[in-house]
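The structure appears below as structure tokens.
Residue numbers (this note's numbering), protein chains in the order written: chain A, 1 to 292; chain B, 1001 to 1281; chain C, 2001 to 2276.
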């Protein structure tokens, strides 16, 4: 449904995004996961139209949308610190987009009430944003975006401003809301747990490159790159000598003579017995990677 | 507050504190004496409190005419300078190039040039253009020096404004103009009000520039006061000065209370966004 | 043209017509000749400038330069001590001090000068006090003299010195003072060896902010100095408002602007070198 074709972005001399290709399905919860500065927020802003790509196309149902300005794209965004307009009440914040579209007063009233009920914030309609807690602000921000009936909801680190306990709670709420609406969510986060818990699929980004796109399970169990493996969960690195390979299971002898076995990640034509190899170990599993 | 500001600061020597107090004393004593002088009257036997001098000021038609002139000029000048200054700040916002360079440069020039150069150059302009001197020329002059102050006050607020408000407006369907009108301007409103009050104050208090470019018989209060005090001091002038002082003070209190003041003097020390400011106010 | 440029247009036009153009006119007028009845005759000459360098006017300039310099130095000394005391006071007191310093600066200059005249004038507390104590005085000399001018100048321009210095003190890392104290240095030694070197930029900025308006000041010497103390600002004003010799007045102002611009440029140059 939403397709990114070879999206690139460079600022003067620096490259921020390199040839991003991605296809996201209807009703999917997709997370862009990566450390800060990897380009994930830039990519989200390019999808929203708040920034323009220096190359590539964005297609929605096969139609190009990348030439449309932000206000004409059927996407809405939940901002990192919510960006609720401080001079408007909760109700006015939510009605903002509808007013700009020139809806009748009654229609606006009805829709605002409906979406407030959806996020369970009905009684906060006349409150000012600065009287709300973090979790409440987040719900209002989601409601303000949803009320415009976007085709895709974009979320920029939606939970990062909340404390730990609240975050877990809102994770569940967000996921439940997405499943109830059957809407496509694209969520940017640097929090692995959050991405693993929420998403149908995860795209791991590093230095402007999309390293791997797969389900949380696959990302966790068979990371395609060392970066993906390390970013999802911290790993320790052991260096040793490859002594035996059977199928994709390798045996490595470490410096002190002890042997470990693990899945190998090196193309079979490059495997030589006796080569130096690095083993990455984390709590749940061991796997091998050719040493550089 | 940064942690640095909260850290213990070893006290300055006693001498420094004494100098501070002495200076404050020297700064404020004459004003206090002046106000007291406006409130007392010498009776044959002793001094007594009176409001007589204030009544004399209010009943003086020439002074009241000057007051009306001052208010007219102040109002017109601050409306124009607030409009022009605010528009300029919004226009400068994240723009670049020749325009930005020229407008910012000229606003700094108007801030640092000695008043007298400002005054006589405007007088020369009006003379060369054969512009008749009157209240209009005073308004033009006051707008010219107030724009920069409005730009400073509003600009300081805009610099700390979270950019995501504007992004959110665009994302929700606002055009560039709509996002300015419905989001950016309302958020700037306190600082725009601050700029308005500041330029009114500057206009109301200005003497030198007005003295150069005002028309015959079109005196503002400070010019009237100047001409009168050339002849010497009197209890009536004390009352006039005290009244003007109190008016300025009231406007100042408004200015200080508006959030603009904080931004105006603390912009150098604070660079972060919205959250901390909200907690402080 | 973008929407933003339209917003800039009014200010750009206003500045061009009412700041840039007037300055240009002053420069042009400074090369013109005085008309018989005080107008401007458009025949070009350098005479206004050569006249400005004649001993009489050079003397007036030097006198003004001296006053501006003394004002700056006094403000500098007071400013350092005041902002040091302010910055080390409790946070609440700091706000009060800041207000107390800034408040007079934001009130009308003429009123403040009036208040000073009233203070020293006939029936003012100073003369009444002297009379009470039986000390003889000359009422005229007491109301118009150089000391009063300096007092007026310092109280007027002190905030321009205190604000940048206080700002710098707020950013100053006071643990340096503690470290120096730990090494056994006294407070005054610390001031010169630790604090002032860290405040250099603010000191220069404050000095410039005081010096520039001081040099062209008209109102204060006019009202507190009496007729004997002719200063540069009064000289210029007189050419424009009384003798109607605009070309000469324009030449005097151009010279002052050139001097001030040169000083500002020097300041920027120093800053630029400092950054390297």
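Where is the CB? At the ideal position from N, CA and C, for every residue including glycine.
So what does DSSP say about residue 263 of chain A, is it helix, strand or coil?
For the purposes of this step, residue 263 of chain A is identified with residue 263 of the first chain, where counting begins at 1. Strand, per DSSP.
Practice prompt. List the whole-angstrom C-beta distance separating residue 1201 of chain B from residue 1255 of chain B, where the pair is believed to meet the contact cut-off of C-beta under 8 angstroms.
Written response: Looking up residue 1201 of chain B in the second chain gives position 201. Looking up residue 1255 of chain B in the second chain gives position 255. About 7 angstroms separates the Cβ atoms of residue 1201 of chain B and residue 1255 of chain B, confirming a contact at the 8 angstroms cut-off.
**Message:** Given a cut-off of 9 angstroms on the beta-carbon distance, is the pair residue 1121 of chain B and residue 2019 of chain C in contact?
**Reply:** The count along the second chain starts at 1 and reaches residue 1121 of chain B at position 121. The count along the third chain starts at 1 and reaches residue 2019 of chain C at position 19. The answer is yes: Cβ separation under 9 angstroms.
Checking the sheet assignment: what are the DSSP bridge partners for residue 250 of chain A? Counting from one through the first chain, the residue named residue 250 of chain A turns up at place 250. Bridge partners of residue 250 of chain A: A:245 and A:262.
| Does any residue of chain C bring its CB to less than 9 angstroms from the CB of residue 1079 of chain B? | As a working mapping, residue 1079 of chain B is identified with position 79 in the second chain. So no, residue 1079 of chain B is outside the interface.
To the nearest angstrom, how far is the alpha carbon of residue 2080 of chain C from that of residue 2193 of chain C? Along the third chain, one-based indexing puts residue 2080 of chain C at 80. Along the third chain, one-based indexing puts residue 2193 of chain C at 193. Taking the CA atoms as reference points, residue 2080 of chain C sits about 14 angstroms from residue 2193 of chain C.
Whole-angstrom distance between residue 2058 of chain C and residue 2094 of chain C, CA atom to CA atom: Residue numbering aside, residue 2094 of chain C sits at position 94 when the third chain is read from its first letter. Residue numbering aside, residue 2058 of chain C sits at position 58 when the third chain is read from its first letter. Taking the straight line from one Cα to the other gives about 44 angstroms.
Practice task
Note down, in chain order, every chain B residue with its Cβ under 9 angstroms from the Cβ of residue 2236 of chain C.
Solution key: As a first step, residue 2236 of chain C must be located in the third chain, where it is residue number 236. Those within 9 angstroms of residue 2236 of chain C in chain B are 1116, 1117 and 1120.
Answer yes or no: does any C-beta atom of chain B fall closer than 9 angstroms to that of residue 2246 of chain C?
Locating residue 2246 of chain C in the third chain gives position 246, counting from the first residue. By this cut-off, residue 2246 of chain C is an interface position.
> For residue 1097 of chain B, which residues in chain A fall below 8 angstroms Cβ to Cβ?
Replying inline: In the second chain, residue 1097 of chain B corresponds to position 97, counting from 1. Those within 8 angstroms of residue 1097 of chain B in chain A number zero; the least Cβ separation is about 16 angstroms.
* Counting only beta-carbon atoms, is residue 136 of chain A nearer than 9 angstroms to chain B? -> Walking along the first chain from the start, residue 136 of chain A turns up at place 136. No, no contact with chain B.
Cβ pair residue 202 of chain A, residue 222 of chain A closer than 9 angstroms
Within the first chain, residue 202 of chain A is the residue found at index 202, counting from 1. Within the first chain, residue 222 of chain A is the residue found at index 222, counting from 1. Contact: no.
- Message: Give me the chain B residues within the contact set of residue 2212 of chain C, using Cβ-Cβ distance strictly less than 7 angstroms, ordered along the chain.
- Response: Position 212 of the third chain, counting from 1, holds the residue named residue 2212 of chain C. What residue 2212 of chain C touches in chain B: 1112 and 1114.
Could you tell me whether the Cβ of residue 2010 of chain C comes closer than 9 angstroms to any Cβ of chain B?
One-based indexing of the third chain puts residue 2010 of chain C at position 10. When Cβ-Cβ separations below 9 angstroms define contact, residue 2010 of chain C makes contact with chain B.
Open item on the list: Pull the bridge partners of residue 1253 of chain B from the DSSP assignment, please.
Closed with: Here residue 1253 of chain B refers to the residue found at position 253 when the second chain is read from its first residue. In DSSP, residue 1253 of chain B forms no bridge with anything.
* To do: Give, in chain order, every residue of the segment 1012-1038 of chain B whose Cβ lies closer than 8 angstroms to some Cβ of chain C.
  => 1012, 1013, 1015, 1016, 1017, 1019, 1020, 1023, 1024, 1026, 1027, 1028, 1029, 1030, 1031, 1033, 1034 and 1037
Exercise for the section: Could you spell out where the alpha helix (DSSP H) holding residue 1060 of chain B opens and where it closes? Expected result: As a working mapping, residue 1060 of chain B is identified with position 60 in the second chain. Per DSSP, residue 1060 of chain B belongs to no alpha helix (DSSP H) and is neither H nor E.
Nearest to residue 2230 of chain C by alpha carbon, out of C:2270, C:2065, C:2006 and C:2012? Numbered from 1 along the third chain, position 230 holds the residue referred to as residue 2230 of chain C. Looking only at C:2270, C:2065, C:2006 and C:2012, the smallest Cα-Cα distance to residue 2230 of chain C is reached by C:2065.
Along the chain, where does the alpha helix (DSSP H) that runs through residue 2018 of chain C open and close?
-> Position 18 of the third chain, counting from 1, holds the residue named residue 2018 of chain C. Where residue 2018 of chain C is concerned, there is no enclosing alpha helix (DSSP H), given that its DSSP letter is neither H nor E.
Practice problem: Would you tell me roughly how many angstroms separate the C-alpha atoms of residue 127 of chain A and residue 2011 of chain C, rounded to the nearest one? | Solution: By 1-based counting over the first chain, the position of residue 127 of chain A is 127. By 1-based counting over the third chain, the position of residue 2011 of chain C is 11. If you take the alpha carbons of residue 127 of chain A and residue 2011 of chain C, they lie about 39 angstroms apart.
Three or more C-beta pairs below 8 angstroms linking the segment 227-243 of chain A and the segment 268-279 of chain A: yes
message: Against residue 1052 of chain B, what residues of chain C qualify as contacts under a CB-to-CB distance less than 9 angstroms, listed in chain order?
response: Counting from 1 along the second chain, the entry for residue 1052 of chain B is found at position 52. Residues of chain C passing the Cβ test: none, with the nearest at roughly 16 angstroms.
| query | Can you give, in chain order, each stretch of the alpha helix (DSSP H) that sits fully within the segment 127-202 of chain A and has at least 4 residues? | reply | Runs found: 134-146, 164-181 and 192-198.
- prompt: For residue 1205 of chain B, which residues in chain C fall below 9 angstroms Cβ to Cβ?
  reply: To locate residue 1205 of chain B, count along the second chain from 1; it is residue 205. Result: 2106, 2107, 2108, 2109, 2110 and 2111.
Q. Whole-angstrom Cβ separation of residue 154 of chain A and residue 20 of chain A, contact assumed at under 8 angstroms?
A. For the purposes of this step, residue 154 of chain A is taken as residue 154 along the first chain, with counting starting at 1. For the purposes of this step, residue 20 of chain A is taken as residue 20 along the first chain, with counting starting at 1. Rounded, the Cβ-Cβ distance is 15 angstroms, inconsistent with contact.
Query raised in the report: Leaving out the 5 sequence neighbours to the left and right, which residues in its chain are closer than 8 angstroms to residue 130 of chain A when beta-carbon positions are compared?
Result: Residue mapping note: residue 130 of chain A aligns to position 130 of the first chain, counting from 1. Excluding positions up to five away in sequence, the list reads 86.
- Query: With a Cβ-Cβ cutoff of 9 angstroms, do residue 2109 of chain C and residue 1205 of chain B count as a contact?
  - Reply: Translated into the one-based positions of the third chain, residue 2109 of chain C becomes position 109. Translated into the one-based positions of the second chain, residue 1205 of chain B becomes position 205. Between residue 2109 of chain C and residue 1205 of chain B, the CB-CB gap stays under 9 angstroms.
Practice prompt. Could you check which residue in A:148, A:134, A:180 and A:152 has the C-alpha nearest to that of residue 158 of chain A?
Written response: The residue given as residue 158 of chain A occupies position 158 in the first chain. In this structure, A:134 is the residue among A:148, A:134, A:180 and A:152 with its C-alpha nearest to the C-alpha of residue 158 of chain A.
- Query: chain B partners of residue 97 of chain A, CB-CB under 8 angstroms?
  - Reply: By 1-based counting over the first chain, the position of residue 97 of chain A is 97. Listed along chain B are 1172 and 1173, each with a C-beta nearer than 8 angstroms to that of residue 97 of chain A.
**Closer than 9 angstroms to chain C by CB, residue 1232 of chain B** = Position 232 of the second chain holds residue 1232 of chain B. Yes, because at least one Cβ of chain C sits closer than 9 angstroms to the Cβ of residue 1232 of chain B.
Open item on the list: Would the segment 1065-1082 of chain B count as touching the segment 1123-1140 of chain B if we require 3 or more Cβ pairs under 8 angstroms?
Closed with: yes
Discussion item. Pop quiz: residue 75 of chain A and residue 185 of chain A are said to be a contact at Cβ under 8 angstroms. What is the actual Cβ separation, rounded to whole angstroms?
Written reply: Mapped onto the first chain, residue 75 of chain A falls at position 75. Mapped onto the first chain, residue 185 of chain A falls at position 185. Going by Cβ atoms, the distance from residue 75 of chain A to residue 185 of chain A rounds to 11 angstroms, so no, they are not a contact pair.
Checklist line | For residue 64 of chain A, three-class secondary structure by DSSP | finding: Reading the first chain from its first residue, position 64 is the one you call residue 64 of chain A. The answer is strand: DSSP assigns residue 64 of chain A an E or B state.
### Query
In terms of residue numbering, what span does the alpha helix (DSSP H) encompassing residue 1154 of chain B cover?
Walking along the second chain from the start, residue 1154 of chain B turns up at place 154. Residue 1154 of chain B -> alpha helix (DSSP H) spans 1135-1159.
How many angstroms separate the CA atom of residue 2062 of chain C from the CA atom of residue 2216 of chain C? Working through the third chain from its first residue, we reach residue 2062 of chain C at position 62. Working through the third chain from its first residue, we reach residue 2216 of chain C at position 216. Their backbone Cα atoms lie some 12 angstroms apart in a straight line.
Check: Taking three-plus beta-carbon pairs below 8 angstroms as touching, is the segment 1082-1090 of chain B in contact with the segment 1149-1168 of chain B?
Finding: When C-beta atoms of the segment 1082-1090 of chain B are compared with those of the segment 1149-1168 of chain B, three or more pairs fall below 8 angstroms, so the two segments count as touching.
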